[in-house]
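One structure is given here, and the rest of the page talks about it.
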Amino acid sequence: MTASCPHSSNGDSAGASNRISQDNVNKHRQAPSSRNASVDSGRPDVVDGANGCASSDIASGCGGGTSPTDTTEDGFKVVKYRRRATASSGTSKLSKVKAVPRKPISKALFASRLDPRTLIEDVKDLLKPFLGDKTVQYVKLRTKYDSYASFHLSGDDEAFAAMNSPDVWPEGSIFHQFFGQLDESRVAEAKNSSNGL
218 MTASCPHSSN
228 GDSAGASNRI
238 SQDNVNKHRQ
248 APSSRNASVD
258 SGRPDVVDGA
268 NGCASSDIAS
278 GCGGGTSPTD
288 TTEDGFKVVK
298 YRRRATASSG
308 TSKLSKVKAV
318 PRKPISKALF
328 ASRLDPRTLI
338 EDVKDLLKPF
348 LGDKTVQYVK
358 LRTKYDSYAS
368 FHLSGDDEAF
378 AAMNSPDVWP
388 EGSIFHQFFG
398 QLDESRVAEA
408 KNSSNGL
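Just so we're aligned, residue 218 is where the sequence shown starts under our numbering, counting upward by one.
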């Protein structure tokens, strides 16, 4: 004995489900003429020749694939970096027209954990054998505590390379390259002089 559904008769439900499935398949398929029209009209959809599906229909299940993530149909913008022209530098030395000389690049060094009684003159004497007559700007910094002294020293590339060496500084002190602008409120004393003088 078989039970029958009161809302169906003689297999009508099976036929209806088959018709719905066929309607879903037909819904996602496009006629060749409409696919060609979508491509010719400039739509961004890419037609999959194997499955007969447009890229916008793939997400709905046509072809069994997944929707690409780089489309703009979902409202997202594709970011593109602006190209910048590459500058070239002249090499001619025979022209009467001269270029503006480049401003010397200055590098700074921070030195700390020195004896609190250390003066700028003491640091000059310390660096003289390594710097020769190179010009360096010496700045003694205000420190948070009175138990040590700190200095800000700036000069050109050669002067910085000479100062930035563990052979220069006493054992127990620390030093490293200083980046950015020096806050004037931290300056306790400053002197710009050449070690040759």
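We treat Cβ as the ideally placed atom computed from N, Cα and C, and that holds for glycine.
Because the structure is a prediction, the values reported are computed rather than measured.
Rounded to the nearest angstrom, the gap between the Cα atoms of VAL314 and SER306 is 14 Å. Taking the Cα positions, ARG299 is about 21 Å away from GLY292. Non-local beta-carbon contacts of VAL385 in its own chain, meaning distances under 6 Å to residues more than five positions away in sequence, involve PHE347 in chain order. The alpha-carbon of SER323 is positioned some 17 Å away from that of GLY349. If you draw a straight line from the Cα of LEU326 to the Cα of LYS351, it comes to about 15 Å. Residue range 374 to 380 is occupied by the alpha helix (DSSP H) that includes PHE377. In this structure, SER390 places its C-beta atom within 7 Å of the C-beta atom of LEU331. Straight-line measurement puts the Cα of VAL404 at about 6 Å from the Cα of ARG359. Listed in chain order, the alpha helix (DSSP H) runs fully inside the stretch 318 to 371 are 337 to 348, counting runs of at least 4 residues. For ALA366, the closest of ASP339, ASP374, VAL296 by C-alpha to C-alpha distance is ASP339. Cβ-Cβ distances below 7 Å link ASP363 to PRO333 in the same chain, with the five nearest sequence neighbours on each side left out; the list follows chain order. Contact between ASN381 and GLN398 does not hold, since their C-beta atoms are separated by about 19 Å, which reaches or exceeds 8 Å. In its chain, beyond the 5 residues on either side, VAL356 have a beta carbon closer than 6 Å to the beta carbon of ALA407.
For VAL404, DSSP records a beta bridge to LEU358. Per DSSP, reduced to three states, the secondary structure at PHE293 is coil, with no helix or strand assignment. DSSP, read as helix, strand or coil, puts PHE395 in strand. Counting only the Cα atoms, VAL353 lies some 5 Å from GLY372. Around the beta carbon of LEU370, 16 or more other beta carbons lie within 10 angstroms, which makes this residue buried. Taking 7 Å as the cut-off, the beta carbon of PHE368 is found closer than this to the beta carbon of ALA328.
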